[in-house]
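Student: In our numbering, the protein residues as written are -12 to 169.
By construction, the Cβ of each residue, glycine as well, lies at the ideal position given by its N, Cα and C atoms.
Just so you know, these numbers come straight off a predicted model, no measurement behind them.
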Amino acid sequence: MNPKVPASAPEKRWAVTLMFGTSNTTASNNPIDILSSLEGPSKRDDFFVGAAVDYRLFRFWRDFAVDVEGGTGYRWPGSNGGEFWGTVYLRYDGFFWNHILYTSLGVNTGLDVVTRLSPLERATEHHSYLLHSIGPELAFALPDRRDWQFVIRWHHRSGIFGTINDTWHGSNVIAWGVRHWF
-12 MNPKVPASAP EKRWAVTLMF GTSNTTASNN PIDILSSLEG PSKRDDFFVG
38 AAVDYRLFRF WRDFAVDVEG GTGYRWPGSN GGEFWGTVYL RYDGFFWNHI
88 LYTSLGVNTG LDVVTRLSPL ERATEHHSYL LHSIGPELAF ALPDRRDWQF
138 VIRWHHRSGI FGTINDTWHG SNVIAWGVRH WF
């Protein structure tokens, strides 16, 4: 249990996240290029909508937590395909300003599978429907309403430098959304 939460309020273990984002599928995998596609995506850029369920496994050293997450999403119009992932998150939420704005910083690792490759992934010689999922995430909430969080995440599919099926490319989504802990 987090000592920054009143003793009368046990930590909530389940969460649902709804998110929306964009991916620049024709340029580099640079996050700045992805964000620039928000100004006016090309015909081949993807939008992303998704949902995830998290479960808090445990908390350690007071400010760290380990969660598992399963999620599903859909990318369109460039990919026009579904996406599924299973990851483990390491989260830190011991920031000194949490009494003003609760903040959680997380990073995940796991597996990601798509039903249809993005244009960027299809254009490469080696590609795989199953790739590594990794990415940082920031969550913000009002201090007295930590169960409702605004989430920003870099959702990255990676071949881990050729480790998976000799795949050197992947795809990225910058997504934002809402998470509710219960």
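1) With C-beta atoms as the reference, is Val55 less than 8 Å away from Phe45?
2) Which runs of the beta strand (DSSP E) spanning at least 3 residues fall entirely within the stretch 81 to 119, listed in chain order?
3) Determine the direct distance from the alpha carbon of Gly58 to that of Arg43, and round the result to whole angstroms.
4) Would you check if the distance between the CB atom of Ser145 and the CB atom of Leu104 is smaller than 8 Å?
5) By how many angstroms is the C-alpha of Pro(-3) removed from the C-alpha of Ile161?
6) Classify Val40 as buried or exposed, calling it buried when 16 or more other Cβ atoms lie within 10 Å of its own Cβ.
7) So if DSSP puts Ser180 in a beta bridge, which residue, or which two residues, is it bridged to?
8) What span of residues does the beta strand (DSSP E) with Thr74 cover, start to end?
9) Just reading off the beta strand (DSSP E) that Pro64 is part of, what are its end residues?
10) Mark Asp131 as exposed unless 16 or more other C-beta atoms lie within 10 angstroms of its C-beta, in which case mark it buried.
11) At which residues does the beta strand (DSSP E) containing His167 begin and terminate?
12) Determine the extent of the beta strand (DSSP E) in which Leu5 is found, giving its start and end residues.
13) Please report the Cβ distance between Arg166 and Ala38, rounded to the nearest whole angstrom; I am assuming they are in contact, meaning their Cβ atoms lie under 8 Å.
14) Leaving out five residues before and five after Pro(-10) in sequence, what residues of the same chain have Cβ atoms less than 7 Å from its Cβ?
15) Write down the C-beta distance between Phe97 and Gly122 rounded to the nearest angstrom, noting that I regard them as a contact closer than 8 Å.
16) Quick one: Cα of Arg140 to Cα of Phe148, how far?
17) So, at 6 Å on beta carbons, what are the nonlocal neighbours of Arg78 in its own chain, with the 5 sequence-adjacent residues on each side left out?
18) Could you give the DSSP three-state label for Arg43: helix, strand or coil?
Tutor: From the atom records:
1) no
2) 89 to 101
3) 15 Å
4) no
5) 32 Å
6) exposed
7) Because the chain here runs from -12 to 169, residue 180 falls outside it and cannot be looked at.
8) Gly68 to Tyr79
9) Phe51 to Pro64
10) exposed
11) Ser158 to Trp168
12) Trp1 to Ser10
13) That belief does not hold up - the Cβ atoms of Arg166 and Ala38 are roughly 10 Å apart, past 8 Å.
14) Here the model assigns Pro(-10) a pLDDT of 48, short of 50, so the residue's position is not dependable and the matter cannot be decided.
15) Checking the sequence, you will find Gly at residue 97 rather than Phe. That pair is no contact at about 10 Å.
16) 22 Å
17) Ala52, Ser91 and Gly93
18) strand
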